[in-house]
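Notes to accompany the following structure.
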Amino acid sequence: MLSIEEMKTYLKNNLMESRYIHTLGVVDTAIRLAKINEVDEKKAEIAALAHDIAKNKTIYELKDILDKNNIKLTYDEEKNQELWHSMVGPILAKEVFKIEDEEILSAMRWHTTGKENMSKLDKVIYMADMIEPNRKFPGVDILRRECFKDLDNGILQGLNHTIEYLLNKGIPIDINSIKARNYLLLHK
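Numbering (our numbering), first residue to last: 15 to 202.
In C-alpha cells form, the structure reads like this:
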C-alpha cells in the first residue's frame, strides 16, 4: 500500500483543489470520530483519504471502469450518476493505492448512500463525509454535535436529512439509503 504522503500527492494532482480540501476535512473528522467510537484510526484515515479518489473522473471514464470491471448497475444506479464515483473508488484504490483491506474498501463504497448493517468504519466515513468542517448546509452543526455524542443517532439524522433533501429536489433516493435508515430504526 502507498504511504499516506504518496496518497496525498496523487490526490492533490488528480482532484480539484476544493475536492482535495474537502478530503482533508473528511480525514480529520474521520480520525476524531474513529477515536471516540473505538474504530481503527489508521483505517479511518486511509478510507477517508481515498473515499473520493474517483470524484473528478468524467461520467464516461467512470462508466468505462464500471464496464471493464463487470459492475452491473441497477436501473436506479444507472440513472443516478452521482453515485458512480463511490462504486469506482474502491477499484481505483486497489489499483492506484494498492489498498486490499476489505473494510476500508467497503467504507469507501458506501460513503455516499450508506447501507443496511454498516460496520463502524462504514459509519465513520459516511458521517465524516457529510459533516466535515467545509460542509455548509442548514442543520450541519446539529448533525456534527449529534455524531460526536451518538454516532448511530447522528447517522439516522443524517440519512433523514439526505432523504428529505432528495425528496424536496425531486431526485430519486437510492434504495441503500432507505435500507440503512430502516435498519438503524429497527436495531436501535
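Using N, Cα and C, we set each Cβ at its ideal position, and we do this for glycine too.
Through-space distance from residue j to residue i, alpha-carbon basis
{"i": "A64", "j": "M15", "result": "12 Å"}
{"i": "K82", "j": "N70", "result": "19 Å"}
{"i": "G153", "j": "L198", "result": "20 Å"}
{"i": "D166", "j": "Y74", "result": "36 Å"}
{"i": "Y179", "j": "N196", "result": "17 Å"}
{"i": "V110", "j": "K150", "result": "31 Å"}
{"i": "L25", "j": "N84", "result": "26 Å"}
Cβ distance (whole Å) where residue i is taken to contact residue j below 8 Å
{"i": "T8", "j": "S191", "result": "Since the first and last residues shown for the chain are 15 and 202, residue 8 lies out of range."}
{"i": "E31", "j": "A44", "result": "Rounded, the Cβ-Cβ distance is 20 Å, inconsistent with contact."}
{"i": "D136", "j": "V40", "result": "That belief does not hold up - the Cβ atoms of D136 and V40 are roughly 14 Å apart, past 8 Å."}
{"i": "N148", "j": "I50", "result": "Going by Cβ atoms, the distance from N148 to I50 rounds to 21 Å, so no, they are not a contact pair."}
{"i": "K57", "j": "I118", "result": "5 Å"}
Buried/exposed call for residue i, threshold 16 Cβ in 10 Å
{"i": "L173", "result": "buried"}
{"i": "Y140", "result": "buried"}
{"i": "E160", "result": "buried"}
{"i": "P186", "result": "exposed"}
{"i": "G103", "result": "buried"}
{"i": "E91", "result": "buried"}
Q) Which runs of the alpha helix (DSSP H) fall wholly inside the segment 96 to 163 and span at least 4 residues, in chain order? A) Correct list: 98 to 110, 116 to 123, 134 to 145 and 154 to 163.
Q: Mind listing, in chain order, the continuous alpha helix (DSSP H) runs of no fewer than 4 residues lying wholly within the segment 35 to 105?
A: Segments of the alpha helix (DSSP H) lying fully in the segment 35 to 105: 55 to 64, 73 to 82 and 89 to 93.
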